[in-house]
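**Student:** Structure provided below as structure tokens; questions to follow.
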Amino acid sequence: MSPKNKDMKWDKLDNTALLFPVIANESMSSVYRISVTLTEEIQPVMLQQALDHVLGLFDIFHARMRRGMFWYYFETNTRPAPRVREETSYPCLYIPPYQNNNYLFRVTYYRKRINLEVFHVLTDGMGAITFFRELIYKYLRLTHPNLTEKLGDGLCSDTSLNKEDSYIKNYTGKKLSKKYKTERALELDGEFLPSGALSVTHGYMNIDEVKCAAKKRGVSVNTYLVGIYTYSIYKEVLHGGIFKKPISICVPVNLRPFYNSITIKNFFAMIEAVFRTEKENYTLEEILQIVDASLKSQLTKENMDSLIAYNVSNEMNRMHRIVPLIFKRMAMKFVYRSTALSNTSTVTNLGEMQIREDYKPYIERFHIVLSMTKGQNMKSAVSTYDGEMVYTISTKLSDISIQRRFFRTLTEDGVSVTIETNGEGYDI
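Just so you know, we're using the numbering used here here: the sequence shown kicks off at 79 and counts up by one.
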């Protein structure tokens, strides 16, 4: 459907999205990247055609953001799709809301790779994957017409276009005592890369080897990766010593399985793996057990209910709702500044990329890259596809000792790792 023929619609931002327009700027973009590497060089004309087609089917991407009296809101974007461009800059740069044809995402390519970069106000990683997967499928059908003959040219039957605010839907109406923590955590600091630069390191691993190593340690794969990341920070920054501030790793949780949701809007919550040093020279095994206990204590339906209730109750408060946006912005910035330093870093795991068998011969792998936020100068993201796990560490710090320690520890634990980097921060 052509953009100019779409009816003008408006939509509210979901509960989590309300924060992102307030905090996003050139230095803190709130943009993440999902990439796919294909087996063939990208044909940009075909990629543009695929985007033009798929964009018309996804209302949440086919939107611009407007500022109202009391809240930001979305409105149908009547401009043409953003132009597909060859990648020439660093990942996850800020997307100005009044450029890029007013769209809040961008699509770029480089050789065999297609990149989708999304302003978090639109959706989380799971929602973006739904859109990206259909973009990839359409592109492959255009470049390989035999796929269209075999599969047709519609959306996959399991692709959801649902855009409910699942936070509001699952709000119990009762404000619980859950509050954001404000205790400051260890902050990774040091010499910074030039402004706008981002160091990106990909570690490629066999998922079965990772599962085997995690099983030997008696923890889940996610806990295993978060634990080794925590251990690497402990060894390289604290050097095995004692520090009054904890290492706190933020772990986003996809809430859809907890609440039977199929929304493609944001629907996630944050839990933290908290490690406090009470002695010197913790072993990897000890840190893994501490991280495991910390995550398990929070990964419950009751805790998710509490997080939703606390967040939504503030939005639903009648007094808060009638406060003009200019004052809401000041209040939200204050709350964000007071809580943002409570985490050292983030590890997000989007799990196995589900791809239809007919398209798999044309797809090699996926990557995820996160941008930095206040107090978090290094982050990690994990994706798995066709037996391969890719662990990506992005940072604006020039020091790479944590990355080296992390992948070296995995290797010592029996996991074979192949490293790829964009060269920033590396002496190559």
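In this text, a Cβ means the ideal position worked out from N, Cα and C, and glycines have one as well.
When you compare only the Cα positions, how much space is there between residue 387 and residue 316?
**Tutor:** The alpha-carbon atoms of residue 387 and residue 316 are separated by roughly 36 Å.
**Student:** Beta-carbon within less than 8 Å of residue 162's beta-carbon, same chain only, minus the 5 sequence neighbours each way: which residues are those?
**Tutor:** Result list for residue 162: 122, 125, 126, 129, 185, 186 and 187, in chain order.
**Student:** Pairs of beta-carbons, one from the stretch 333-342 and one from the stretch 269-288, closer than 8 Å: are there three or more?
**Tutor:** No, because fewer than three Cβ pairs between the stretch 333-342 and the stretch 269-288 fall closer than 8 Å, the two stretches do not touch.
**Student:** Tell me the rounded alpha-carbon separation between residue 425 and residue 332.
**Tutor:** Rounded to whole angstroms, residue 425 to residue 332 spans 13 Å at the Cα level.
**Student:** For residue 476, would you say it is in contact with chain B, using Cβ-to-Cβ distances shorter than 8 Å as the test?
**Tutor:** Within the model displayed, chain B is absent; a lone protein chain is all it includes.
**Student:** With a threshold of 16 other CB atoms inside 10 Å of the CB of residue 305, please say whether the residue is buried or exposed.
**Tutor:** Under this definition residue 305 is a buried residue.
**Student:** Just list the alpha helix (DSSP H) runs in the stretch 304-368, keeping only unbroken ones of 4 residues or longer that don't cross its boundaries, in chain order.
**Tutor:** Within the stretch 304-368, the complete alpha helix (DSSP H) runs of at least 4 residues are 334-337.
**Student:** Please tell me whether residue 192 and residue 113 are closer than 8 Å, where the distance is taken between their beta carbons.
**Tutor:** Contact: yes.
**Student:** Label residue 401 either buried or exposed according to how many other C-beta atoms from any shown protein chain fall within 10 Å of its C-beta, with 16 as the threshold for buried.
**Tutor:** Residue 401 should be labelled exposed.
**Student:** Classify residue 374 as buried or exposed, calling it buried when 16 or more other Cβ atoms lie within 10 Å of its own Cβ.
**Tutor:** Under this definition residue 374 is an exposed residue.
**Student:** Does the Cβ-Cβ distance between residue 159 and residue 133 come in under 8 Å?
**Tutor:** Yes, Cβ-Cβ distance for residue 159 and residue 133 is below 8 Å.
**Student:** Assuming residue 462 and residue 447 make a contact with CB atoms under 8 Å, what is their CB distance in whole Å?
**Tutor:** In fact, because the Cβ distance is near 16 Å, the residues do not count as touching under 8 Å.
**Student:** I need the boundaries of the alpha helix (DSSP H) containing residue 89, first residue and last residue.
**Tutor:** Here residue 89 belongs to no alpha helix (DSSP H); instead the beta strand (DSSP E) covers 88-90.
**Student:** Can you check the stretch 118-143 for any beta strand (DSSP E) of at least 3 residues that lies completely inside it and give the ranges in chain order?
**Tutor:** For the stretch 118-143, not a single whole beta strand (DSSP E) run of length 3 or above is found.
**Student:** Anyone know if the C-beta pair for residue 209 and residue 136 falls short of 8 Å?
**Tutor:** Their beta carbons are under 8 Å apart, which means residue 209 touches residue 136 by this criterion.
**Student:** Would you mind working out which of 153, 104 and 142 sits nearest residue 175, comparing C-alpha positions?
**Tutor:** Closest option to residue 175, Cα to Cα, is 142.
**Student:** May I ask which residues mark the beginning and end of the beta strand (DSSP E) holding residue 191?
**Tutor:** Run containing residue 191: 191-197, per the beta strand (DSSP E) assignment.
**Student:** What's the gap between the Cα of residue 241 and the Cα of residue 201?
**Tutor:** Near 10 Å, if we compare the C-alpha coordinates of residue 201 and residue 241.
**Student:** Classify residue 308: buried if its beta carbon has 16 or more other beta carbons within 10 angstroms, exposed otherwise.
**Tutor:** Answer is buried; the Cβ neighbour count reaches 16.
**Student:** By Cβ distance, which residues of its chain are closer than 6 Å to residue 101, with the 5 residues on each side in sequence left out?
**Tutor:** Cβ within range, chain order: 414.
**Student:** Are residue 362 and residue 489 close, meaning C-beta to C-beta below 8 Å?
**Tutor:** No.
**Student:** Do you know how far the Cα of residue 179 is from the Cα of residue 157?
**Tutor:** Near 6 Å, if we compare the C-alpha coordinates of residue 179 and residue 157.
**Student:** Where does residue 260 land, buried or exposed, given buried means 16+ other C-beta within 10 angstroms?
**Tutor:** Looking at its Cβ environment, which holds fewer than 16 other Cβ atoms inside 10 Å, residue 260 is exposed.
**Student:** When burial is assigned at 16 or more other CB atoms within 10 Å of the CB, is residue 431 buried or exposed?
**Tutor:** When all chains shown are included, residue 431 counts as buried.
**Student:** Smallest Cα separation from residue 139: which of 366, 206 and 417?
**Tutor:** Nearest option by C-alpha distance: 206.
**Student:** Opposite residue 462 in the DSSP bridges: which residues?
**Tutor:** Partner(s): 430 and 467.
**Student:** Residue 408 by DSSP, collapsed to three states: which one?
**Tutor:** If DSSP states are grouped into helix, strand and coil, residue 408 belongs with the helices.
**Student:** Once DSSP output is grouped into helix, strand and coil, what is the label at residue 205?
**Tutor:** In this structure, residue 205 counts as helix in the three-state DSSP scheme.
**Student:** Assuming residue 330 contacts residue 264 (C-beta within less than 8 Å), just tell me the rounded distance between them.
**Tutor:** The Cβ separation is near 20 Å, so there is no contact.
**Student:** Find the nearest neighbour of residue 393 within the set 227, 245, 292 and 464, judged by alpha-carbon distance.
**Tutor:** Closest by alpha carbon: 245.
**Student:** What first and last residue would you give for the beta strand (DSSP E) that runs through residue 380?
**Tutor:** Where residue 380 is concerned, there is no enclosing beta strand (DSSP E), although the alpha helix (DSSP H) it sits in stretches over 379-394.
**Student:** Residues in the same chain with beta-carbon distance under 6 Å from residue 87, minus the five sequence neighbours each way, listed in chain order, please.
**Tutor:** The answer, listed in chain order, is 154.
**Student:** Which of the three DSSP states is assigned to residue 282 in this structure?
**Tutor:** Note: residue 282 maps to strand in three-state DSSP.
**Student:** Span of the alpha helix (DSSP H) holding residue 245?
**Tutor:** From DSSP, the alpha helix (DSSP H) with residue 245 extends over 244-247.
**Student:** Drop a sphere of 10 angstroms on the beta-carbon of residue 492, count the other beta-carbons inside from all chains shown, and report buried for 16 or more, exposed for fewer.
**Tutor:** Residue 492 comes out exposed.
**Student:** Among 110, 95 and 483, which has the Cα closest to the Cα of residue 314?
**Tutor:** For the residues 110, 95 and 483, the minimum Cα distance to residue 314 belongs to 483.
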